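Report on one structure; see the data block that follows.
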Amino acid sequence: MLWTNTKRVVRSGFVNFWRNGFVSLSSILVMTITLFVLGSLIFTYVLLNGALIQIKDKVDINVYFVTTAKEEDIKSIQKSLETLPEVSKVVYSSREDVLADFKKRHENDQFTLQALDELQENPLGAILNVKAKDPSQYAGIVRFLESKSVSQTDGLPIVDKINYNQNKVAIDKLTRIIDSGQRLGLFLLGILIVISIMITFNTIRLAIYISRDEIAVMRLVGASSKYIRGPFVIIGIMYGIFSAIITGLIFLPATYYLGRATANFFTGINVYNYYITHFQYIFPMLLGAGALIGAVSSYMAVRRYLQV
Amino acid sequence: MIYFDQVSKIYPDNSIALDDVSFTIEPNEFVSVVGHSGAGKTTLLKMILAEEKPTEGAVYFQSTNIHELRRNEMNYFRRKIGTIFQDFRLLPNKTAYENIAFAMEVAGKTDEEIESDVPHVLELVDLGKKMWSFPHQLSGGEKQRVAIARAIVNHPDIIIADEPTGNLDPINTYEIVQILKKINDLGTTVILTTHNKGVVDVVNKRVITIESGKIIRDDKEGKYVL
Numbered sequence: 001m002l003w004t005n006t007k008r009v010v011r012s013g014f015v016n017f018w019r020n021g022f023v024s025l026s027s028i029l030v031m032t033i034t035l036f037v038l039g040s041l042i043f044t045y046v047l048l049n050g051a052l053i054q055i056k057d058k059v060d061i062n063v064y065f066v067t068t069a070k071e072e073d074i075k076s077i078q079k080s081l082e083t084l085p086e087v088s089k090v091v092y093s094s095r096e097d098v099l100a101d102f103k104k105r106h107e108n109d110q111f112t113l114q115a116l117d118e119l120q121e122n123p124l125g126a127i128l129n130v131k132a133k134d135p136s137q138y139a140g141i142v143r144f145l146e147s148k149s150v151s152q153t154d155g156l157p158i159v160d161k162i163n164y165n166q167n168k169v170a171i172d173k174l175t176r177i178i179d180s181g182q183r184l185g186l187f188l189l190g191i192l193i194v195i196s197i198m199i200t201f202n203t204i205r206l207a208i209y210i211s212r213d214e215i216a217v218m219r220l221v222g223a224s225s226k227y228i229r230g231p232f233v234i235i236g237i238m239y240g241i242f243s244a245i246i247t248g249l250i251f252l253p254a255t256y257y258l259g260r261a262t263a264n265f266f267t268g269i270n271v272y273n274y275y276i277t278h279f280q281y282i283f284p285m286l287l288g289a290g291a292l293i294g295a296v297s298s299y300m301a302v303r304r305y306l307q308v
Numbered sequence: 001m002i003y004f005d006q007v008s009k010i011y012p013d014n015s016i017a018l019d020d021v022s023f024t025i026e027p028n029e030f031v032s033v034v035g036h037s038g039a040g041k042t043t044l045l046k047m048i049l050a051e052e053k054p055t056e057g058a059v060y061f062q063s064t065n066i067h068e069l070r071r072n073e074m075n076y077f078r079r080k081i082g083t084i085f086q087d088f089r090l091l092p093n094k095t096a097y098e099n100i101a102f103a104m105e106v107a108g109k110t111d112e113e114i115e116s117d118v119p120h121v122l123e124l125v126d127l128g129k130k131m132w133s134f135p136h137q138l139s140g141g142e143k144q145r146v147a148i149a150r151a152i153v154n155h156p157d158i159i160i161a162d163e164p165t166g167n168l169d170p171i172n173t174y175e176i177v178q179i180l181k182k183i184n185d186l187g188t189t190v191i192l193t194t195h196n197k198g199v200v201d202v203v204n205k206r207v208i209t210i211e212s213g214k215i216i217r218d219d220k221e222g223k224y225v226l
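Protein sequence lines, in the order shown, are assigned to chains W and U. In this text, residue positions in the first sequence follow our numbering: the first is 1, and each later residue adds one. In this text, residue positions in the second sequence follow our numbering: the first is 1, and each later residue adds one.
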């Protein structure tokens, strides 16, 4: 009996979906918008998150040593830095490396190079470039470096300066901008999603409102609530499935068109590539969301007319 | 079989549809309920279908109070009643065949039963050729015959017909009445409301006359008197 009923409910759902073609079409289009917004939320999140990660990755600090600092002292500081859990990478540049770098950077600037040649010896100190796992941890690392036992050997300071304090403001600002941008974007999209789900819900309710007399007749013939409701829920799920397929297809040209722009703007994340590589996650998610919204909307909408 | 025990119905706007009505309908009776529009005929039928609850009194089917049934029991109860309405109330998105099949599906009949009974019952009301037509492709008389076929397909104990001929021309009216008589002859209780004098006179069975919510006449072999 259960199997027979299930079969009948599903068949009836399919048949009604087809026979109410126009209602189905408009419901699908409305739901497509909902799913499109939902998909956009995913992409926005990915892009902003990617940007944030990349910007965080660009943040580092340089520790400049005095010219008289001995290489083994610097190396030992590097070693102790590397043992810190907050530190992800430390790169040592010797005085010679720094000089070569400097010359390369100013190769078009004859005056600077001449001035450099005037000096008998290399005026530049060695540098340790430190990258933390998270930008918020730099303060702790700097405190560690500034402590006497690290920055001094034989009572003489060997650390000339740490550029954290100059960069700090910029780093903090950038992190905050991206952070609040991300929050604002997700918030707006969240509102859009709520609105479009409500519109979808209302559309389905209208579609079922058309059938209210039908529901009353089914009641009078003695149909159980489940049996009346079933086909409507099936139709709701079908709206979701078709909408997800349409949305999935629309995202192909849409992300392709936006792909290059986002790759430039968000430093290397191409939404199109992301969409293609994550299709097996994104599409089932759209499918599931669509089917769920459709089924729940139908279920709740029919309830009103079942009270005969 | 059906027993109205001092039933009153007052609608929320204080209009009195039924006023202290009591009567009994025996198995296999053919009862015509007549009266002016608004006299309370339809309310009376809605009571039997449990579409409306009485304000006072009770309606019994055999020995159960209809209005104390639970949702589930109600569904079973309604399957024992075949209903026919003035406005047909067919499912617009289903063909004649599917409309009747739906009533059988609801009653839990197997696919085999449906496949054999539906064409048979459509043949009975002379609609074998319109089996796959949708309601909007059928005439009024044809729609009403589909509705009758749907009402009788599950072999109900009672047929309730609420002005079934109200929207039909005299020839179709005559045919519908003949079908209802035939159903009654085969052993089903029929309750019919109408304000068509011809129909009542042709049936020539018990007539209950209602006016302003009260029963004013109950004749064993009645004529239409108002």
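Glycine is no exception: its CB is placed at the ideal position from the N, C-alpha and C atoms. Quick caveat: nothing in here was measured; it's all calculated off a predicted structure.
Problem - Sub-8 Å separation of U:Thr165 and U:Ile179 beta-carbons - result: no
Exercise for the section: Could you spell out where the alpha helix (DSSP H) holding W:Ile74 opens and where it closes? Expected result: Glu71 to Thr83
Problem - Straight-line gap, U:Ser201 to U:Gly35 (C-alpha atoms, nearest Å) - result: At residue 201 of chain U the sequence reads Asp, which differs from the Ser that was named. C-alpha separation (whole angstroms): 14 Å.
Exercise for the section: Could you list which residues in chain U have their beta carbon closer than 9 Å to that of W:Leu35, in chain order? Expected result: Ordered by position in chain U, no residue passes the 9 Å Cβ test against W:Leu35, which lies about 27 Å from the chain.
Practice task
With DSSP collapsed to three states, give me the class of U:Glu211.
Solution key: strand
Exercise for the section: Using 7 Å as the cut-off, classify the Cβ of W:Phe102 as near or not near the heavy atoms of the ligand HEM, replying yes or no. Expected result: Within the structure as shown, the ligand HEM is missing, as the structure has no ligands at all.
Handout entry: Endpoints, the beta strand (DSSP E) within which W:Tyr92 is located
Key = Val87 to Ser93
Handout entry: Option nearest W:Leu145 by Cα separation, candidates W:Lys56, W:Ile61, W:Leu292 and W:Leu29
Key = W:Ile61
Practice task
Measuring alpha carbon to alpha carbon, tell me which of W:His106, W:Leu306, W:Gly50 and W:Gly39 ends up nearest W:Gly181.
Solution key: W:Gly50
Practice task
Given a cut-off of 8 Å, decide if U:Val190 and U:Ala161 are closer than it, judged by their beta-carbon atoms.
Solution key: yes
Handout entry: chain W residues whose Cβ lies nearer than 8 Å to that of U:Thr189
Key = In chain order: nothing, as chain W lies at least about 17 Å away.
Problem - Beta-carbon contacts of U:Phe134 that lie in its chain and below 6 Å, excluding the five residues immediately before and after - result: Thr95
Practice task
For the segment 22–39 of chain U and the segment 65–83 of chain U, state whether three or more C-beta atom pairs, one from each stretch, are separated by less than 8 Å.
Solution key: no
Problem - Outcome for W:Val66 when other beta-carbon atoms lying within 10 angstroms are tallied against a minimum of 16 - result: exposed
Practice task
Determine, using beta carbons only, whether U:Lys9 and U:Glu51 come nearer to each other than 8 Å.
Solution key: no
Handout entry: Alpha-carbon spacing of W:Leu99 relative to W:Leu156, whole angstroms
Key = 24 Å
Exercise for the section: To the nearest angstrom, report how far apart U:Asp126 and W:Leu29 are at their CA atoms. Expected result: 43 Å
Handout entry: Residue range of the unbroken beta strand (DSSP E) whose run includes W:Ala261
Key = That residue, W:Ala261, is in no beta strand (DSSP E); its alpha helix (DSSP H) goes Ser225 to Phe265.
Exercise for the section: Closer than 9 Å by beta-carbon distance: list the chain U residues that pair up with W:Gly222, in chain order. Expected result: Met74, Asn75, Tyr76, Phe77, Arg78, Arg79, Lys80, Ile81, Ala103, Val106, Ala107 and Asn154
Exercise for the section: Determine the extent of the alpha helix (DSSP H) in which W:Thr44 is found, giving its start and end residues. Expected result: Gly21 to Lys58
Problem - Chain-ordered chain U contacts of W:Val217 [CB-CB under 7 Å] - result: Arg89 and Leu91
Exercise for the section: Would you grab the beta carbon distance between W:Ile53 and W:Leu174 for me? Rounded to a whole angstrom, and I think it's under 8 Å. Expected result: Incorrect: roughly 13 Å between the Cβ atoms, too far for contact.
Exercise for the section: With DSSP as the reference, label U:Glu52 as helix, strand or coil. Expected result: coil
Exercise for the section: Report the option in W:Asn264, W:Met218, W:Val233 and W:Phe279 whose CA atom is closest to the CA atom of W:Gly248. Expected result: W:Phe279
Exercise for the section: For W:Arg19, decide whether its Cβ has a neighbour in chain U, counting only Cβ atoms nearer than 8 Å. Expected result: yes
Handout entry: N- and C-terminal bounds of the alpha helix (DSSP H) containing U:Thr95
Key = Where U:Thr95 is concerned, there is no enclosing alpha helix (DSSP H), given that its DSSP letter is neither H nor E.
Exercise for the section: Starting from W:Gln280, follow the alpha helix (DSSP H) in both directions and report where the run begins and ends. Expected result: Phe279 to Tyr305
Problem - chain W contacts made by the segment 120–140 of chain U, where a contact means CB separation under 7 Å - result: none
Problem - W:Ile208 versus W:Asn20 - alpha carbon distance - result: 11 Å
Handout entry: Three-state secondary structure (DSSP) of U:Lys205
Key = coil
Exercise for the section: For U:Arg78, count neighbouring C-beta atoms within 10 Å of its own C-beta (all shown protein chains included) and say buried if the count is 16 or more, exposed if not. Expected result: buried
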